[in-house]
Amino acid sequence: MAKRIRLAQRVVAESDRLAKDLAGRFNRAGVFVANLMGSPGAGKTALLEETARRLKGELRLAAIEGDLATDRDARRIQSAGIPCRQINTGGGCHLSARQILDAIAEFDLAALDCLFIENVGNLVCPAEFDLGEHCRVVVSSTPEGDDKPIKYPVAFHHADCVVLNKIDLLAATDFSLEAYRRFVRGLRPRIPILELSCRTGEGMEAWLDWVRAQRRTAAVRV
Amino acid sequence: MHEVALAQALWRQVVCEMARHEGRRLLALDVVVGAWSGADPESLEFALGLLIADSRWPDARVRLRREPLALVCRACGREFQPEELNLVCPGCGGLDVDPVRGRDLRLESLEIE
Numbered sequence: 118m119a120k121r122i123r124l125a126q127r128v129v130a131e132s133d134r135l136a137k138d139l140a141g142r143f144n145r146a147g148v149f150v151a152n153l154m155g156s157p158g159a160g161k162t163a164l165l166e167e168t169a170r171r172l173k174g175e176l177r178l179a180a181i182e183g184d185l186a187t188d189r190d191a192r193r194i195q196s197a198g199i200p201c202r203q204i205n206t207g208g209g210c211h212l213s214a215r216q217i218l219d220a221i222a223e224f225d226l227a228a229l230d231c232l233f234i235e236n237v238g239n240l241v242c243p244a245e246f247d248l249g250e251h252c253r254v255v256v257s258s259t260p261e262g263d264d265k266p267i268k269y270p271v272a273f274h275h276a277d278c279v280v281l282n283k284i285d286l287l288a289a290t291d292f293s294l295e296a297y298r299r300f301v302r303g304l305r306p307r308i309p310i311l312e313l314s315c316r317t318g319e320g321m322e323a324w325l326d327w328v329r330a331q332r333r334t335a336a337v338r339v
Numbered sequence: 049m050h051e052v053a054l055a056q057a058l059w060r061q062v063v064c065e066m067a068r069h070e071g072r073r074l075l076a077l078d079v080v081v082g083a084w085s086g087a088d089p090e091s092l093e094f095a096l097g098l099l100i101a102d103s104r105w106p107d108a109r110v111r112l113r114r115e116p117l118a119l120v121c122r123a124c125g126r127e128f129q130p131e132e133l134n135l136v137c138p139g140c141g142g143l144d145v146d147p148v149r150g151r152d153l154r155l156e157s158l159e160i161e
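Heads up: the protein sequence lines correspond to chains X and C, in order. To convert, count from 1 in the first sequence and add 117; that's our numbering. To convert, count from 1 in the second sequence and add 48; that's our numbering.
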């Protein structure tokens, strides 16, 4: 006889469980973990390179790079002076908690202050997968247009910090800072919006201060 | 973009539940796709169809239900369904809102024999 079985199970339940495990490890080690997401070319790697150059003497940093192919980004980060592990996802559109679990095996988490996870360049899929991070950072840039927040609301709604890169190119685009801020705040009223240029260094100090503040909070959790 | 992976994860849950309930035949599965789940219902249905056709229960039907986004206002507690991307609370004008429904992709139930 036919019968109905009620389940109401989230399909990503297994992934959520792994993410919770990761979050526990990060907290026990007292390392601040940020998950960076954004379109390809927004400047996620450039932001990490600049962060590495400016903060490596002050904080113990490491990074995990997620890309479909090549280790180009990991080598860039290593050249900036911090340890970095590359994950190639093949066709995968996002990093998974399982991949992060494997990647952190190479790091002594307790010997780190900050771990940056650069997700695969994509504003859609990475937003769905928790990696046990403390904060999600959306990196966007002026040439992408000011309407990205309302076109990709899930990523922005789940962010803890928004970085707007390439403000040195503002004059060359139709980008409206006012519209961009309004769109972001409409989705996340109190979120910090850090406007900067990795190329000229303008605005970088505010980003570094944000990282420092988050790192202090993470250290208190231990 | 990752519907195949999601369909595979969903199907693993189905197979697991079938074993747990000692089901001989899978008649249908009910799946809820939230508007903000990040999954495209059509691609998901297509991927599930392939997995089902290749399974022990090739006649199983997929019943897919779309769940609209519902938000709750942190300030006044009102629950509402936003129109377009107007996420402002219609009760108090508050901007601090959390999704209560429409975030998940869920395996809701199975009909088995």
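Note that beta-carbon positions come from the ideal geometry of N, C-alpha and C, so glycine has one too.
Strictly by DSSP, which residues pair up with residue i?
| i | result |
| --- | --- |
| F128 of chain C | C:L119 |
| A151 of chain X | X:F233 and X:C252 |
| Q56 of chain C | Answer by DSSP bridge pairing: none, since Q56 of chain C is not bridged. |
| D184 of chain X | X:N205 |
| N144 of chain X | DSSP lists no partner for N144 of chain X. |
| D285 of chain X | Paired residue(s): none; D285 of chain X is not in a bridge. |
| C278 of chain X | X:V254 |
| V110 of chain C | C:L77 |
| G82 of chain C | C:E115 |
| E90 of chain C | DSSP, once it has assigned bridges, lists no residue as partnering E90 of chain C. |
| Q126 of chain X | C:L155 |
| I308 of chain X | Paired residues: none, contrary to the question. |
| A179 of chain X | X:L232 |
| D165 of chain C | Here chain C has residues from 49 to 161 only, and residue 165 of chain C is not among them. |
| I160 of chain C | X:K120 and C:L74 |
Can you list the residues of chain C that residue i reaches, using a CB-CB cut of under 8 Å?
| i | result |
| --- | --- |
| L153 of chain X | In chain order: nothing, as chain C lies at least about 18 Å away. |
| A119 of chain X | L75, E159, I160 and E161 |
| A244 of chain X | G86 |
| V301 of chain X | Within chain C, no residue comes near V301 of chain X; the closest Cβ sits about 11 Å away, beyond 8 Å. |
Less than 8 Å between CB atoms is the rule here; does residue i satisfy it with respect to chain X?
| i | result |
| --- | --- |
| S157 of chain C | yes |
| E65 of chain C | yes |
| R47 of chain C | What the structure shows of chain C is the stretch from 49 to 161, and residue 47 of chain C is not part of that stretch, so it cannot be assessed. |
| R154 of chain C | yes |
Determine whether the beta carbon atoms of residue i and residue j lie at a separation below 8 Å.
| i | j | result |
| --- | --- | --- |
| Q129 of chain C | P116 of chain C | yes |
| I181 of chain X | I122 of chain X | no |
| C210 of chain X | V237 of chain X | yes |
| A272 of chain X | A244 of chain X | yes |
| L185 of chain X | T162 of chain X | no |
| C252 of chain X | Q126 of chain X | no |
| V301 of chain X | P266 of chain X | yes |
| A101 of chain C | L77 of chain C | no |
| R151 of chain C | G82 of chain C | yes |
| W59 of chain C | L99 of chain C | yes |
| A53 of chain C | L153 of chain C | no |
| L74 of chain C | L158 of chain C | yes |
| L164 of chain X | V280 of chain X | yes |
| A136 of chain X | A214 of chain X | yes |
| I234 of chain X | V150 of chain X | yes |
| A55 of chain C | A95 of chain C | yes |
| A335 of chain X | G147 of chain X | yes |
So, does the CB of residue i fall closer than 8 Å to a CB anywhere in chain C?
| i | result |
| --- | --- |
| H211 of chain X | yes |
| R127 of chain X | yes |
| I284 of chain X | no |
| L304 of chain X | yes |
Could you name the residues of chain X that residue i contacts, counting a contact when the two beta carbons are closer than 9 Å?
| i | result |
| --- | --- |
| A57 of chain C | V128, V129, A130, E131 and S132 |
Could you work out which residues of chain C lie near residue i, taking near to mean beta carbons separated by less than 7 Å?
| i | result |
| --- | --- |
| I122 of chain X | E65, H69, S157, L158 and I160 |
| V271 of chain X | W84 and G86 |
Show which residues of chain X have a CB atom less than 8 Å away from the CB atom of residue i.
| i | result |
| --- | --- |
| D144 of chain C | P306 and R307 |
Cβ-based contacts, 7 Å cut-off: residues of the stretch 152 to 171 of chain X near chain C: none
Note down, in chain order, all residues in the stretch 106 to 132 of chain C with a beta-carbon under 8 Å from any beta-carbon belonging to chain X. none
Check each residue of the stretch 88 to 100 of chain C: if its Cβ is closer than 9 Å to any Cβ of chain X, include it; give the result in chain order. none
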